[in-house]
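K.L.:
This is the structure I have questions about; it appears just below.
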Amino acid sequence: MNMLFLFISSWFLGLEPLHEAGFRGEGITIAVIDGGFYGVDQDSAAYPTEQIIGWKDFLEKDSTFFTDINESHGSMVLSTMLTEKNDEGQALGTAPGANYFLIRTEDIYAEYPGEMNNLARGIRYADSIGADIITISLGYRQFDNPDDDLKYENINGKSAVSLAATEAARHGRIVVVAAGNDGNDPWHYIAVPSDADSILCVGAVDEDSIVAPFSSFGPTADGRELPQVSAWGFQSMVYSPSADSCVRKNGTSFAAPRIAGMAACLRQAMPQLSAMDLRRMIIESASNYPNWDPQMGYGIPNAAAIWQAYTALPSLDANSEEPLYFNLQGIQLDSAPEHGFYIEKRGNTVRKLVRP
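Quick note, the sequence shown lines up with residues 469 to 824 if you use this note's numbering.
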């Protein structure tokens, strides 16, 4: 196995320093909305029982929630956050200390518009139980009946399911949604609800940070720059309970939860930040920010840069109207520079900015 995978999930997003400092998502609840979660209740090594704090089935087929071997997509999504080690004892999950609430809204045996209603219900339920983070590796635009297919003009954040995601985000949840896997198709755009406002829409890259060809394109029909960030989703290592081992899988489905796990670690490390501030910092820490790409967004975010920059800066009265300025090494400046990147701190708000 390529040794690059030694700390790939934590190293790739700059999470290794946070994990080593004890910030692994403890005390944070992540709601995972997906299809079924085959085997999660039987494999305590990959899915520690005490960290699965509840589950809800909006398909009303409770007996198959953990038992249908065809429904392991949710299980593999969960592994990118919760499963601590791969087969060789190497780091895998981005938030192995977090608590998880599992929600099924996806019917893998059919594709119909009612699934969007189920997902909207699932999002509202996750919001109602107080989940800190909601991660969604589902998207809709094409159905069994072609008459129901969405058009690009519908990718505007105004569908009922996208509005549910926006509402949850504005209630203080960090909502993370996979961009979709249609980049190679004539359609090639993101789907709903990854077009929602105030969320994190996530594309996929490989381990060399090269954008995955299947990762769906933005912008939205109303011109918003989505996706915003990307993570490892091409030939991505996940744990598969049906295979009883780690396997390689492709999909933005596996990129989005890695960002959700990163957000959980940052939320634990910096609890005083609002969800919106943390979301903005994740975007502004991305490798290519402020330059946006329709597949990769602003690039790959860096948790260590966010945490280290925030903790290295002196405190400032939250009511102060006077900001402080720093370079990217955390050295305070007398004023904002005329050119280049810099950090502005105003109260509890920290922003990475650039002047061309």
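Backbone N, C-alpha and C fix where the C-beta goes; we use that ideal spot for every residue, glycine too. What you are looking at is a predicted structure, and each value in this text was computed from that prediction instead of being measured.
Taking only beta-carbon atoms, is G582 less than 8 Å away from chain C?
P.N.:
Absent from the structure is chain C; it holds one protein chain and no more.
K.L.:
In terms of residue numbering, what span does the beta strand (DSSP E) encompassing L570 cover?
P.N.:
Taken as a continuous stretch (DSSP letters only), the beta strand (DSSP E) holding L570 covers 567–572.
K.L.:
Within the same chain, show all residues whose beta-carbon is closer than 6 Å to that of V715, passing over the 5 residues directly before and after it, in chain order.
P.N.:
These residues qualify, in order along the chain: S708.
K.L.:
Does the segment 605–615 come close enough to the segment 738–749 that 3 or more CB-CB pairs lie under 8 Å?
P.N.:
No, the segment 738–749 does not touch the segment 605–615.
K.L.:
Three-state secondary structure (DSSP) at R747?
P.N.:
Three-state DSSP puts R747 in a helix.
K.L.:
On the three-state DSSP scale, how would you describe G522?
P.N.:
G522: strand per DSSP, three-state reduction.
K.L.:
Between the alpha carbons of N795 and L481, how many angstroms are there, rounded?
P.N.:
Roughly 21 Å between the two C-alpha positions.
K.L.:
Does the distance from the C-beta atom of V697 to that of T603 stay below 8 Å?
P.N.:
Result no, Cβ atoms of V697 and T603 do not sit closer than 8 Å.
K.L.:
Report the three-state DSSP secondary structure of Q610 (helix, strand or coil).
P.N.:
Coil at Q610, not helix or strand.
K.L.:
Figure out for me which residue from I811, A737, V508, V706 has the closest Cα to the Cα of A724.
P.N.:
Nearest of I811, A737, V508, V706 to A724, Cα basis: V706.
K.L.:
Between the Cα of T497 and the Cα atoms of A771, A513, F569, T562, which residue gives the shortest distance?
P.N.:
Comparing Cα positions, the closest option is F569.
K.L.:
Alpha carbon to alpha carbon, how far is S721 from N759?
P.N.:
If you take the alpha carbons of S721 and N759, they lie about 24 Å apart.
K.L.:
Looking only at its chain, what residues have a beta carbon closer than 6 Å to the beta carbon of A632, apart from the 5 residues adjacent to it on each side?
P.N.:
For A632, where only same-chain residues beyond five positions count, the Cβ hits under 6 Å are A588, I591, R592.
K.L.:
Assuming T688 contacts N624 under a Cβ cut-off of 8 Å, what Cβ separation, rounded to an integer in Å, is found between them?
P.N.:
At roughly 6 Å, the Cβ-Cβ gap stays under 8 Å, so T688 and N624 are in contact.
K.L.:
Is the CB-CB distance between G765 and A773 below 8 Å?
P.N.:
No, Cβ-Cβ distance for G765 and A773 is not below 8 Å.
K.L.:
For D616, which beta-bridge partners are listed by DSSP?
P.N.:
According to DSSP, which records beta bridges pairwise, D616 is partnered with nothing at all.
K.L.:
Is there contact here, the segment 525–540 with the segment 630–646, by at least three beta-carbon pairs under 8 Å?
P.N.:
The segment 525–540 vs the segment 630–646: no contact.
K.L.:
So G542 and G729 are supposed to be a Cβ contact under 8 Å. How far apart are they, rounded?
P.N.:
Not confirmed; about 15 Å, so no contact.
K.L.:
From the DSSP secondary-structure annotation, give me the bridge partner or partners of L792.
P.N.:
K813.
K.L.:
Near S704, which residues of its chain fall below 6 Å by C-beta distance, leaving aside the five closest residues on each side in sequence?
P.N.:
Hits under 6 Å: K717, F722.
K.L.:
Quick check on K813: buried or exposed, where buried means 16 or more other Cβ atoms within 10 Å of its Cβ?
P.N.:
Under this definition K813 is a buried residue.
K.L.:
From F526 to E789, what distance separates their C-alpha atoms?
P.N.:
Computed Cα separation, rounded: 47 Å.
K.L.:
Quick check on V822: buried or exposed, where buried means 16 or more other Cβ atoms within 10 Å of its Cβ?
P.N.:
Under this definition V822 is an exposed residue.
K.L.:
Looking at the secondary structure, which residues open and close the alpha helix (DSSP H) in which S630 lies?
P.N.:
Element bounds for S630: 628–638.
K.L.:
Pull up the distance between the alpha-carbon of K626 and that of W700, whole angstroms please.
P.N.:
Computed Cα separation, rounded: 29 Å.
K.L.:
Thinking just about the alpha-carbon of each residue, which of I658, I799, Y793 is nearest to the one in P762?
P.N.:
With distances taken between Cα atoms, P762 lies closest to I658.
K.L.:
Tell me whether D454 is buried or exposed, calling it buried when 16 or more other Cβ atoms sit within 10 Å of its Cβ.
P.N.:
The chain is shown from 469 up to 824; residue 454 falls before or after that span and cannot be answered.
K.L.:
Just to confirm the assignment: which complete beta strand (DSSP E) runs, minimum length 3, are found wholly within the segment 651–734?
P.N.:
As far as the segment 651–734 is concerned, its whole beta strand (DSSP E) runs of at least 3 residues are 668–673, 697–700, 704–708, 713–717.
K.L.:
Tell me which residues share the same chain as A594 and place their Cβ nearer than 8 Å to its Cβ, disregarding the 5 neighbours each side in the sequence.
P.N.:
Correct list, in chain order: A499, I501, F569, I571, I602, A636, R641.
K.L.:
Buried or exposed for N613, please, with buried defined as at least 16 other CB atoms from any protein chain shown within 10 angstroms of its CB.
P.N.:
Classification for N613: exposed.
K.L.:
Which residue's Cα is closest to the Cα of A711: E518, W523, I537?
P.N.:
Residue I537 is the option with its Cα nearest to A711.
K.L.:
In whole angstroms, what separates the C-alpha of A628 from that of N585?
P.N.:
Looking at the two C-alpha atoms, the distance is approximately 7 Å.
K.L.:
Suppose the cutoff is 7 Å on Cβ atoms and the five residues either side in sequence are ignored; what does the same chain contact list for P581 look like?
P.N.:
Cβ within range, chain order: F611, D616.
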